[in-house]
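As they're listed, the protein sequences go chains A and B.
Following my numbering, the numbering of the first sequence begins with 768 at its first residue and continues without gaps.
Following my numbering, the numbering of the second sequence begins with 3 at its first residue and continues without gaps.
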Amino acid sequence: MSLWVDKYRPSTLAKLDYHKEQAAHLRKLVEGGDFPHLLVYGPSGAGKKTRIMCTLRELYGPGVEKLRIEQSQFTTPSNKKLEISTISSNYHIEVNPSDVGHNDRVVIQELIKNVAQVNQLDTSTQKNFKVVVLTEVDRLSKEAQHALRRTMEKYMATCRLILCCNSTSKVIPAIRSRCLGLRVSAPSVDEICQILTTVCKKEGLTLPKEMAEKVAEKSGRNLRRALLMCEACRVQQYPFNPERDVSEPDWEIYLRETATLIAQQQSPKRLLEVRGRLYELLTHCIPPDVIMKGLLKELLQVCDGQMKAEVVQNAAYYEHRLQQGQKAIYHLEAFVAKFMAIYKRFLEEGIADIF
Amino acid sequence: MLGMVEGGRRRGRPCMRWKEDTKTVTGLPLSELVRAVENRDHWRQVITTITRSRPRLDGTSLVFSTLSFRFTMQAFLKGGTSGLSKDKTDAASSNSKSQKTKEGKAKIVPWVEKYRPRTVEDVAHQDEVVAVLKKSLEGSDLPNLLFYGPPGTGKTSTILAAARQLFGPELYRERVLELNASDERGISVIREKVKKFAQLTAGRARPDGKPCPPFKIIVLDEADSMTKDAQSALRRTMERETKTTRFCLICNYVSRIIEPITSRCAKFRFKPLDDEILSSRLKAICEGEGVDIEDKAVSAVLKSSEGDMRKAIMFLQSASRLCGKDTTVSSDIILDIAGVVPDEMLEKLIATCSSDSYEDLDVAIREIIMDGFAASQILSQLHDNIVVNESLSDKQKSVICEKMAGVDKCLMDGADEYLQLMALFSTVMSQICHGN
Chain A
768 MSLWVDKYRP STLAKLDYHK EQAAHLRKLV EGGDFPHLLV YGPSGAGKKT
818 RIMCTLRELY GPGVEKLRIE QSQFTTPSNK KLEISTISSN YHIEVNPSDV
868 GHNDRVVIQE LIKNVAQVNQ LDTSTQKNFK VVVLTEVDRL SKEAQHALRR
918 TMEKYMATCR LILCCNSTSK VIPAIRSRCL GLRVSAPSVD EICQILTTVC
968 KKEGLTLPKE MAEKVAEKSG RNLRRALLMC EACRVQQYPF NPERDVSEPD
1018 WEIYLRETAT LIAQQQSPKR LLEVRGRLYE LLTHCIPPDV IMKGLLKELL
1068 QVCDGQMKAE VVQNAAYYEH RLQQGQKAIY HLEAFVAKFM AIYKRFLEEG
1118 IADIF
Chain B
3 MLGMVEGGRR RGRPCMRWKE DTKTVTGLPL SELVRAVENR DHWRQVITTI
53 TRSRPRLDGT SLVFSTLSFR FTMQAFLKGG TSGLSKDKTD AASSNSKSQK
103 TKEGKAKIVP WVEKYRPRTV EDVAHQDEVV AVLKKSLEGS DLPNLLFYGP
153 PGTGKTSTIL AAARQLFGPE LYRERVLELN ASDERGISVI REKVKKFAQL
203 TAGRARPDGK PCPPFKIIVL DEADSMTKDA QSALRRTMER ETKTTRFCLI
253 CNYVSRIIEP ITSRCAKFRF KPLDDEILSS RLKAICEGEG VDIEDKAVSA
303 VLKSSEGDMR KAIMFLQSAS RLCGKDTTVS SDIILDIAGV VPDEMLEKLI
353 ATCSSDSYED LDVAIREIIM DGFAASQILS QLHDNIVVNE SLSDKQKSVI
403 CEKMAGVDKC LMDGADEYLQ LMALFSTVMS QICHGN
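The structure is reproduced here in structure tokens:
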């Protein structure tokens, strides 16, 4: 039994549920025979990967769905062995080079050259190029991105790249100018509702309209999350009870409690308590930037006007430091301490104003 | 790893021998072939004719080359050695045939490659470089070169075209070493590969007798991504091998090249292309490809490409592919491909900022992020908007621009887009509402 997310993933461009115009464009692109490098970007859960797979299927037919996982080995110039797993079919290969950290340049150099230098044997029946799908391009190091530049041009005849990322801000302009950018925006709440209803219908379940709306709202326009949440609800209780709250991940509740603790009292002792909780979150593999954003969202509710701006500025400041620094906990804690200071000052000023 | 041939040989079927292939290509019995091979010079000529006329191993051109081969072979077998003069014309005809097949295939070649300048004269807008390179083509010496400038201004194209003209297609391979960021370029490569290549002496003439300059060219593309160590290793090599080798370094930022290297090269800055030149080239391409395009769409391409020729051509091709053959390319589709944030959206965002409501701003920014627009794009467009905004005083503008610079740096460092945009727009908000 597979999850609904995988089970009901559209497999052809014609079956896509939203952004139909874009799908039509993609189909024309494939029909034209000529195919540029693609840069697919958009928020997570918007359907980037689904679109890529549909395009590939349109290009090569059902053969692309026969996937196999392989381990490839590369050696860095300093003789270090790197191992990376690739997913490939006869026509394409998918790899996430950021898996190997700062050595991603070697993977890019070796892998793409290997793939690109092999010509397709029979060009009369097949396309005469293969496709390399690179995911999480925004996490590639600058060197790796530079390594891509000329390779993309040089091996254009035998190899096309599809790059997939969340934001193009971190992709260097030289690469952006070599690709056709495809923006995949997140589905709207209505679209999510519709998809949830159709999926439930296919499963033979009835989903009340209010329930679907609730799930869609809670998912934050992330379709994958919405489907997972819906399935979780189904497991917990069926028939669906629209009165019941949609269960949230427990780390979110935990984060909210932490925020309340911070707002209640501002003292070194409380800071110590909060540190424990932050550690707890980090050890459960919640990404630090998600924690930061979650905290900010909760904490802003107790602030007013001018103070909000200040808190946001600080959050941005510490999040930037967090990305550059080594240990997330320092920066999270610094943010919490800073917030406490701002909040306390604000409260004291408020009291002074009264007298 | 890829492209495995599925299935195996059927039971009882012998392996193919190369002899069979030869027979199918030539269409002659073996005994006659043996006779043909005996005359070496002629055979060699026949082989080059075939291989030249066959750009890639694919069905259509194979047929052509087979035909031309048969023709020459039969001519030879009939006329003996006297066929030599004749198969020159054959070679010409088969070349023209191959040209045709190439045109049939040309659909696959991206326009960026197709319209890459073939000669130095074709390079647009970079007068100084073209003048220097033309001189060297006429026979005078070439200095070491350092090309720098923004992407898509023709740096790589220029040197490749020049090298091709200097050496001709045959010598090109042995006289030019092209290294770019996709190759390993640590200090060890500079020490071994580059040095070894640089030390070889080059002759004064091409095989066909025409004169050519007695040096080789090493093209170091994307030189700004070379390490400091590798660059320093180049210093002495560059000087010592001036007799046999010229270096051409290409980079975007000249400041990342160490001083000793820049002082050894003639520096040329490549300017971003003018709108006029860009639009004339784009129109020429549109004509060549038979694409209908609105004037508004051309100006949209110009605006979103910012003087980057490659980007402009890329947008044009993608747009025409997306639209299909018979529809006119509109400006909307260009803007969509370029990922430009619609003006109304930006206006709305700024209007939200002036409402002084933090909640509204939060919702608006979340929406933009959800729509998948890149923060860097929003930043650059906001900048254009703020600078000409008349309702803000100079002081307010300077505060906002300073914040923008900070946010841009943070974004490049990989900070979260939502938080950075929130920080930026809350600054804008406080400047608009409480700035005075």
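Virtual Cβ for every residue (Gly too), placed ideally from N, Cα, C.
query = In whole angstroms, what is the alpha-carbon distance linking residue 109 (chain B) and residue 178 (chain B)?
reply = For residue 109 (chain B), the predicted model reports a pLDDT of 49, less than 50, meaning its position is unreliable and no value from the coordinates is stated.
Coil, strand or helix - residue 271 (chain B) by DSSP = In this structure, residue 271 (chain B) counts as strand in the three-state DSSP scheme.
Cβ neighbours of residue 168 (chain B) in the same chain (closer than 7 Å, five flanking residues each side left out) = 139, 214, 215, listed in sequence order.
request  = Give a yes or no on whether the C-beta atoms belonging to residue 807 (chain A) and residue 824 (chain A) are separated by under 9 Å.
outcome  = Not in contact: residue 807 (chain A) and residue 824 (chain A) (Cβ atoms no closer than 9 Å).
message = Within a Cβ cutoff of 8 Å, which residues of the same chain sit near residue 413 (chain B), ignoring the five residues on either side of it in sequence?
response = Excluding five sequence positions before and after residue 413 (chain B), the CB atoms of its chain that fall closer than 8 Å to its own CB belong to 377, 378, 381, 419, 422, given in chain order.
request  = Please determine, among A:785, A:841, A:899, the residue with the shortest C-alpha to C-alpha distance to residue 856 (chain A).
outcome  = Among A:785, A:841, A:899, the Cα nearest to that of residue 856 (chain A) belongs to A:899.
query = Checking contacts by CB at 9 Å: is residue 2 (chain B) closer than that to chain A?
reply = Limits of chain B in this structure are 3 at one end and 438 at the other, which puts residue 2 (chain B) out of reach.
Element boundaries [alpha helix (DSSP H), containing residue 852 (chain A)] = Unbroken run through residue 852 (chain A) is the beta strand (DSSP E), 848-855; no alpha helix (DSSP H).
request  = Answer yes if the segment 322-337 of chain B comes into contact with the segment 298-306 of chain B, meaning at least three C-beta pairs across the two stretches below 8 Å, and no otherwise.
outcome  = Yes, the segment 298-306 of chain B is in contact with the segment 322-337 of chain B.
inquiry  = Taking 9 Å as the threshold (beta carbon to beta carbon), is residue 1084 (chain A) in contact with chain B?
reply    = Judged by the 9 Å Cβ criterion, residue 1084 (chain A) is in contact with chain B.
ask   = Would you call residue 330 (chain B) buried or exposed, if buried means 16 or more other Cβ atoms sit within 10 Å of its Cβ?
value = Label assigned to residue 330 (chain B): exposed.
key: Coil, strand or helix - residue 903 (chain A) by DSSP   = When secondary structure is reduced to three states using DSSP, residue 903 (chain A) falls in the coil class, being assigned neither helix nor strand.
inquiry  = Given this structure, state the Cα-to-Cα distance separating residue 789 (chain A) from residue 1097 (chain A), to the nearest angstrom.
reply    = In this model, residue 789 (chain A) and residue 1097 (chain A) are separated by some 44 Å (Cα to Cα).
ask   = In chain order, what residues of the same chain have a beta carbon less than 8 Å from the beta carbon of residue 1 (chain B), not counting five sequence neighbours either side?
value = In the structure displayed, chain B extends from 3 to 438; residue 1 (chain B) sits before or after that span and is not available.
request  = Pull out every residue of the segment 283-296 of chain B whose Cβ sits closer than 7 Å to any Cβ of chain A, in chain order.
outcome  = Within the segment 283-296 of chain B, no residue has a Cβ that lies closer than 7 Å to any Cβ of chain A.
message = For a cutoff of 9 Å on Cβ pairs, would you count residue 951 (chain A) as touching chain B?
response = For residue 951 (chain A), the answer is yes, since a Cβ of chain B falls inside 9 Å of its Cβ.
Proximity test, Cβ basis, 9 Å: residue 1073 (chain A) and chain B = With 9 Å as the cut-off, residue 1073 (chain A) counts as an interface residue toward chain B.
task = Could you tell me how far apart the beta carbons of residue 189 (chain B) and residue 231 (chain B) are, in whole angstroms, since I believe they sit closer than 8 Å?
result = Taking 8 Å as the upper bound for CB-CB distance, residue 189 (chain B) and residue 231 (chain B) are in contact here, some 5 Å apart.
query = Does the beta-carbon of residue 1005 (chain A) have 16 or more other beta-carbons within 10 angstroms, so that it is buried, or is it exposed?
reply = Classified as exposed, residue 1005 (chain A) has fewer than 16 neighbouring CB atoms from the shown chains inside 10 Å of its CB.
query = Taking the C-alpha atoms as reference points, what is the distance between residue 238 (chain B) and residue 263 (chain B)?
reply = Here the C-alpha atom of residue 238 (chain B) lies approximately 10 Å from the C-alpha atom of residue 263 (chain B).
ask   = Leaving out five residues before and five after residue 1069 (chain A) in sequence, what residues of the same chain have Cβ atoms less than 8 Å from its Cβ?
value = Leaving aside the five residues that flank residue 1069 (chain A) on each side, the residues in its chain whose CB is nearer than 8 Å to its CB run, in chain order, 1030, 1110.
inquiry  = Whether or not the segment 863-875 of chain A and the segment 786-805 of chain A are in contact is what I'm after, with contact meaning three or more pairs of Cβ atoms, one per stretch, closer than 8 Å; do they touch?
reply    = Judged by Cβ distances under 8 Å, the segment 786-805 of chain A makes no contact with the segment 863-875 of chain A, as fewer than three pairs qualify.
query = Does the Cβ of residue 91 (chain B) have 16 or more other Cβ atoms within 10 Å, making it buried, or fewer, making it exposed?
reply = The pLDDT assigned to residue 91 (chain B) is 42, lower than 50, so where the model puts this residue is not dependable; a value taken from the coordinates is nonetheless given after this. By the neighbour-count rule (16 or more Cβ atoms within 10 Å), residue 91 (chain B) is not buried but exposed.
request  = With a 10 Å radius around its C-beta and 16 neighbouring C-beta atoms as the bar for buried, classify residue 809 (chain A) as buried or exposed.
outcome  = Classification for residue 809 (chain A): buried.
task = Consult DSSP for residue 972 (chain A) and reduce its assignment to one of helix, strand or coil.
result = Correct three-state label for residue 972 (chain A): coil.
task = With 7 Å as the limit, tell me which residues of the segment 1021-1049 of chain A have their beta carbon closer than that to any beta carbon of chain B; keep them in chain order.
result = Taken residue by residue, none of the segment 1021-1049 of chain A has a beta-carbon sitting less than 7 Å from a beta-carbon on chain B.
ask   = chain A partners of residue 313 (chain B), CB-CB under 9 Å?
value = Those within 9 Å of residue 313 (chain B) in chain A are 940, 943, 944, 945.
CB contact flag (residue 953 (chain A), residue 372 (chain B), <9 Å) = A contact, by the Cβ cut-off of 9 Å.
query = The alpha helix (DSSP H) spanning residue 1098 (chain A) covers which residue range?
reply = Judged by DSSP secondary structure, residue 1098 (chain A) falls within the alpha helix (DSSP H) whose first and last residues are 1095-1121.
task = Measure the beta-carbon distance from residue 1026 (chain A) to residue 1066 (chain A) and round it to whole angstroms, keeping in mind my assumption that it falls under 8 Å.
result = At roughly 5 Å, the Cβ-Cβ gap stays under 8 Å, so residue 1026 (chain A) and residue 1066 (chain A) are in contact.
query = Is the Cβ of residue 325 (chain B) closer than 9 Å to any Cβ of chain A?
reply = Yes, because at least one Cβ of chain A sits closer than 9 Å to the Cβ of residue 325 (chain B).
inquiry  = Quick check on the DSSP output: the beta strand (DSSP E) that includes residue 839 (chain A) runs from which residue to which?
reply    = 835-842 is the span of the beta strand (DSSP E), which, as asked, contains residue 839 (chain A).
query = Does the distance from the C-beta atom of residue 195 (chain B) to that of residue 181 (chain B) stay below 9 Å?
reply = Going by beta carbons, residue 195 (chain B) and residue 181 (chain B) fall inside the 9 Å limit.
inquiry  = Distance cutoff 9 Å, beta carbons only. Does residue 201 (chain B) sit that close to anything in chain A?
reply    = Not a single C-beta of chain A is nearer than 9 Å to the C-beta of residue 201 (chain B).
inquiry  = List, in chain order, every chain B residue whose beta-carbon is nearer than 7 Å to that of residue 796 (chain A).
reply    = Against residue 796 (chain A), the close residues of chain B are 323, 324, in the order they occur along the chain (beta-carbon pairs closer than 7 Å).
ask   = Residue ranges of each alpha helix (DSSP H) run of no fewer than 4 residues wholly in the segment 221-285 of chain B, ordered along the chain?
value = For the segment 221-285 of chain B, whole alpha helix (DSSP H) runs of length 4 or above, ordered along the chain, are 230-242, 261-264.
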